[in-house]
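J.:
There are 2 protein chains.
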Amino acid sequence: MAEISRATLRRYPVYLKALRKLSQNGVKVIRSNELSQYVDIKATTIRHDFSLIGQLGKQGYGYDIEELIRIFAEALGEDYDEEMILIGVGRLGKAILNYNNWNHVAGEIVCAFDLKPEVRNQETQVNVPVYHISQLKEKFPKGCEIAILCIPSGAQEIVNELHELGVKGIVNFTREHFVLPEGMIKSDVDVVSTIEELLFEVNSMNK
Amino acid sequence: MAEISRATLRRYPVYLKALRKLSQNGVKVIRSNELSQYVDIKATTIRHDFSLIGQLGKQGYGYDIEELIRIFAEALGEDYDEEMILIGVGRLGKAILNYNNWNHVAGEIVCAFDLKPEVRNQETQVNVPVYHISQLKEKFPKGCEIAILCIPSGAQEIVNELHELGVKGIVNFTREHFVLPEGMIKSDVDVVSTIEELLFEVNSMNK
DNA sequence: ATCTATTTGTGAATAATTTATTAATCTTCA
DNA sequence: TGAAGATTAATAAATTATTCACAAATAGAT
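Protein chains in written order, with my numbering: chain Y, 7 to 213; chain E, 7 to 213.
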């Protein structure tokens, strides 16, 4: 597999989301042109992105949606049920836990860590155990590579610990600044920053 | 002001966040090199990005943090309290409403819309009125340009309506697909996609 | 079975973005 | 006050990403 650029990697989830939606609607086959309209990405870019994974389509025909989803899901991780952990079970953390919609879509949260595990265990309505943060090393699921960070402070220390435990990717909900250890990647989910970005753009539109 | 690229626009919130943090810690002046280490963006890129807004720094000295924050905040919007609305006051919508931390940081949510306004008004602990979605046109705050979308379905219709009302930017929390009307921009805040993106990357790291 | 309409896949060309370099400007300290 | 050292701003080079153009392949019609 050729080196896939970050830009392309970022588009794959967009394709996958669209394909799942189309599949739900009973669409079986799609041309790059149609998908282009749907996701607002140039058809040539789509074909280029797809071609990096392999020969996914048939000339003169298009792409088989089920097949495509299967291939993407495979590229996403073994059996697409990557094990993830959640750190911090506050308001947002709970919302994430309760929102179980991504089971078998983008992995599964197998356990969570918090400073008040007893309280949190009662509060959450799902069957995901919450352990005390001090038990991180002890209860850490073997082979887990993704951690979702929802803590208000102390991110750096946790991140360092996670790095040592072999975590490669952080889904970062905190607004705290931390230095990312070598070899780790993160994706920020930051409402404030998102809004700010949008404001910058909207304002530069106005000029 | 020269045309600022999308890539640069996306970095501004990162700078702003870092600058605020530094300011809190009592730092008054920063060199592009120091900021570079802090945010993990090359110093040359930072200087380039900054120079697009104006001559923000002093040679041989660095950047004055307070000044920088002021300039950024100004670029962000008048008096940095842009008015925003929230559509959909479910679990996530409520979390966003309650999380009032961004007042005077990235604008303010002035009102919200939902299918069950009475219930929602009781549930939320903040002083933001929730109106019925059918009252969107009626209660829409004049001049509002940003809408936060937290509804489980029916996004397209709402988006079209918002477009007519003059909304320019959508902060999109829905997983629903919708076509963005001409002249509108959106930013997706999608945990599943974020995790998927991370998985794609982590998996391509493993190879 | 053959021909024609389509549509993908590929590699090259173009465009955009990031990084490096150079020149100019500022601060500081003697 | 002036020179040394530091740092930005502007420009050039390198890298990365997107788009284009066309060959190769397929489905479907006749």
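Glycine included, C-beta positions come from ideal geometry on N, C-alpha and C.
Count the other C-beta atoms from every protein chain shown that fall within 10 angstroms of the C-beta of Y:E9, then say buried if there are 16 or more, exposed otherwise.
T.: Position 3 of the first sequence, counted from the start, is the residue given in the question as residue 9 of chain Y. Burial call: exposed.
J.: For chain E, find out if any of its Cβ atoms is closer than 8 Å to the Cβ of Y:I191; answer yes or no.
T.: Sequence index remark: in the first sequence, residue 191 of chain Y carries index 185 (1-based). Yes, contact with chain E.
J.: Using three-state DSSP, classify E:Y67 as helix, strand or coil.
T.: For the purposes of this step, residue 67 of chain E is identified with residue 61 of the second sequence, where counting begins at 1. If DSSP states are grouped into helix, strand and coil, E:Y67 belongs with coil.
J.: To the nearest angstrom, report how far apart Y:P19 and E:L82 are at their CA atoms.
T.: Stepping through the first sequence from its first residue, residue 19 of chain Y is reached at position 13. Stepping through the second sequence from its first residue, residue 82 of chain E is reached at position 76. Distance between the alpha carbons of Y:P19 and E:L82 is about 29 Å.
J.: Between Y:A112, Y:E188, Y:N178 and Y:P135, which lies nearest to Y:K122 when the distance is taken from Cα to Cα?
T.: As a first step, residue 122 of chain Y must be located in the first sequence, where it is residue number 116. Out of Y:A112, Y:E188, Y:N178 and Y:P135, Y:P135 has the C-alpha closest to the C-alpha of Y:K122.
J.: What first and last residue would you give for the alpha helix (DSSP H) that runs through E:M90?
T.: As a working note, residue 90 of chain E is residue 84 in the second sequence. Looking at the DSSP string, E:M90 is not in any alpha helix (DSSP H); the run it does join, the beta strand (DSSP E), is E89 to I93.
J.: DSSP state of Y:E114, grouped into three classes?
T.: Counted from its first residue, the first sequence places residue 114 of chain Y at position 108. Note: Y:E114 maps to strand in three-state DSSP.
J.: For E:I91, go through chain Y and note every residue whose CB falls closer than 8 Å to its CB, in chain order.
T.: The residue you call residue 91 of chain E lines up with position 85 of the second sequence. Those do not exist, as E:I91 stays about 12 Å from chain Y at its closest Cβ, beyond 8 Å.
J.: If you draw a straight line from the C-alpha of Y:E89 to the C-alpha of Y:R76, how long is it?
T.: Residue mapping note: residue 89 of chain Y aligns to position 83 of the first sequence, counting from 1. Residue mapping note: residue 76 of chain Y aligns to position 70 of the first sequence, counting from 1. Their backbone Cα atoms lie some 19 Å apart in a straight line.
J.: DSSP state of E:F78, grouped into three classes?
T.: On the second sequence, residue 78 of chain E is found 72 positions in, with the first residue counted as 1. Reduced to three states, the DSSP call for E:F78 is helix.
J.: Looking at C-alpha atoms only, which residue of Y:V198, Y:S29 and Y:G113 is the closest neighbour of Y:E73?
T.: Reading the first sequence from its first residue, position 67 is the one you call residue 73 of chain Y. Measuring from the Cα of Y:E73, the nearest candidate turns out to be Y:S29.
J.: Among residues of its own chain, excluding the 5 on either side of Y:K145, which ones have a beta-carbon nearer than 7 Å to its beta-carbon?
T.: Indexing the first sequence from 1 puts residue 145 of chain Y at position 139. If we look at Y:K145 and ignore the five residues flanking it on each side, its Cβ neighbours are C117 and Y137.
J.: Unbroken beta strand (DSSP E) runs of length 3 or more, entirely within the region 155 to 208 of chain Y: which are they?
T.: For the region 155 to 208 of chain Y, whole beta strand (DSSP E) runs of length 3 or above, ordered along the chain, are 175 to 178 and 191 to 194.
J.: When the Cα of E:M190 is compared with those of E:S199, E:E182 and E:V173, which residue comes out closest?
T.: Reading the second sequence from its first residue, position 184 is the one you call residue 190 of chain E. Out of E:S199, E:E182 and E:V173, E:V173 has the C-alpha closest to the C-alpha of E:M190.
J.: Return the first residue and the last residue of the alpha helix (DSSP H) that E:V20 is part of.
T.: The residue given as residue 20 of chain E occupies position 14 in the second sequence. Looking at the DSSP string, the run of the alpha helix (DSSP H) that includes E:V20 is R12 to Q30.
J.: Find the residues of chain Y that neighbour E:F184, judging by a C-beta separation of less than 7 Å, and give them in chain order.
T.: Taking the first residue of the second sequence as position 1, residue 184 of chain E is located at position 178. Those do not exist, as E:F184 stays about 10 Å from chain Y at its closest Cβ, beyond 7 Å.
J.: To which residues does DSSP link E:A153 through a beta bridge?
T.: Start at 1 with the first residue of the second sequence, and residue 153 of chain E comes out as number 147. DSSP, once it has assigned bridges, lists E:I91 and E:I176 as partnering E:A153.
J.: Can the beta-carbon of E:L98 be found less than 8 Å from the beta-carbon of E:F184?
T.: In the second sequence, residue 98 of chain E corresponds to position 92, counting from 1. In the second sequence, residue 184 of chain E corresponds to position 178, counting from 1. No; because the gap between Cβ atoms is not below 8 Å, this pair is not in contact.
J.: With DSSP as the reference, label Y:V45 as helix, strand or coil.
T.: Numbered from 1 along the first sequence, position 39 holds the residue referred to as residue 45 of chain Y. Looking at Y:V45 - three-state DSSP - the assignment turns out to be helix.
J.: Just to confirm before moving on: does the CB-CB distance between E:G175 and Y:E207 stay below 8 Å?
T.: Counting from one through the second sequence, the residue named residue 175 of chain E turns up at place 169. Counting from one through the first sequence, the residue named residue 207 of chain Y turns up at place 201. Taking 8 Å as the Cβ cut-off, E:G175 and Y:E207 qualify as a contacting pair.
J.: Would you tell me roughly how many angstroms separate the C-alpha atoms of E:L58 and Y:C156, rounded to the nearest one?
T.: Against the second sequence, residue 58 of chain E aligns to sequence position 52. Against the first sequence, residue 156 of chain Y aligns to sequence position 150. Whole-angstrom Cα-Cα distance: 34 Å.
J.: According to DSSP, E:D120 sits in a beta bridge with which residue or residues?
T.: Mapped onto the second sequence, residue 120 of chain E falls at position 114. E:H138.
J.: Comparing C-alpha positions only, which one of E:S140, E:E114 and E:I139 sits nearest to E:V132?
T.: The sequence position of residue 132 of chain E within the second sequence is 126, counting from 1. If we check each option's Cα against that of E:V132, E:E114 comes out closest.
J.: Anything in chain Y within Cβ reach of E:G113, meaning under 8 Å, just list it in chain order.
T.: For the purposes of this step, residue 113 of chain E is taken as the residue at position 107 of the second sequence. Going along chain Y in sequence order, the residues near E:G113 (Cβ under 8 Å) are I201 and L205.
J.: Could you check whether the Cβ of E:D120 sits closer than 8 Å to any Cβ belonging to chain Y?
T.: In the second sequence, the residue the question calls residue 120 of chain E occupies position 114. So, not an interface residue.
J.: What distance in whole Å lies between the Cβ atoms of E:F119 and E:L103, which are believed to be in contact at a cut-off of 8 Å?
T.: Walking along the second sequence from the start, residue 103 of chain E turns up at place 97. Walking along the second sequence from the start, residue 119 of chain E turns up at place 113. About 12 Å; that fails the 8 Å criterion.
J.: Going by the beta-carbon positions, is the gap between E:V165 and E:R181 smaller than 8 Å?
T.: Along the second sequence, read from residue 1 onward, the residue named residue 165 of chain E stands at position 159. Along the second sequence, read from residue 1 onward, the residue named residue 181 of chain E stands at position 175. No. Outside cutoff.
J.: Check this for me: beta carbons of E:P147 and E:I91, under 8 Å apart or not?
T.: By one-based count along the second sequence, residue 147 of chain E stands at place 141. By one-based count along the second sequence, residue 91 of chain E stands at place 85. A contact, by the Cβ cut-off of 8 Å.
J.: Within its chain, find whatever has a CB closer than 6 Å to the CB of E:R37; leave out the 5 residues flanking it on each side and keep chain order.
T.: Residue 37 of chain E sits at position 31 when you count from the first residue of the second sequence. Cβ within range, chain order: G68.
J.: Out of Y:L186, Y:S193 and Y:A79, which has the shortest C-alpha to C-alpha gap to Y:V177?
T.: Counting from 1 along the first sequence, the entry for residue 177 of chain Y is found at position 171. When only C-alpha atoms are compared, the closest one is Y:S193.
J.: By Cβ distance, which residues of its chain are closer than 8 Å to E:V195, with the 5 residues on each side in sequence left out?
T.: For this step, residue 195 of chain E is matched to residue 189 along the second sequence. Excluding positions up to five away in sequence, the list reads V177, N178 and F179.
J.: Residues of chain Y with CB under 9 Å from E:K148, in chain order?
T.: If you number the second sequence from 1, residue 148 of chain E lands on position 142. Going along chain Y, no residue has its Cβ under 9 Å from E:K148, so there is no contact; the nearest lies around 16 Å.
J.: Chain E partners of Y:L82, CB-CB under 8 Å?
T.: Sequence index remark: in the first sequence, residue 82 of chain Y carries index 76 (1-based). Near Y:L82 (Cβ distances below 8 Å), the residues of chain E are E202, L205, F206 and N209.
J.: So, is Y:E188 buried or exposed, given that buried needs 16 or more other C-beta atoms within 10 angstroms?
T.: As a working note, residue 188 of chain Y is residue 182 in the first sequence. By the neighbour-count rule (16 or more Cβ atoms within 10 Å), Y:E188 is not buried but exposed.
J.: For chain E, find out if any of its Cβ atoms is closer than 8 Å to the Cβ of Y:K174; answer yes or no.
T.: Sequence index remark: in the first sequence, residue 174 of chain Y carries index 168 (1-based). Yes, Y:K174 lies at the interface with chain E (some Cβ there is under 8 Å from its Cβ).
J.: So which residues of chain Y does E:K34 contact, with C-beta pairs closer than 9 Å?
T.: As a position in the second sequence, residue 34 of chain E is number 28, starting the count at 1. None at all; the shortest Cβ gap to chain Y is about 18 Å.
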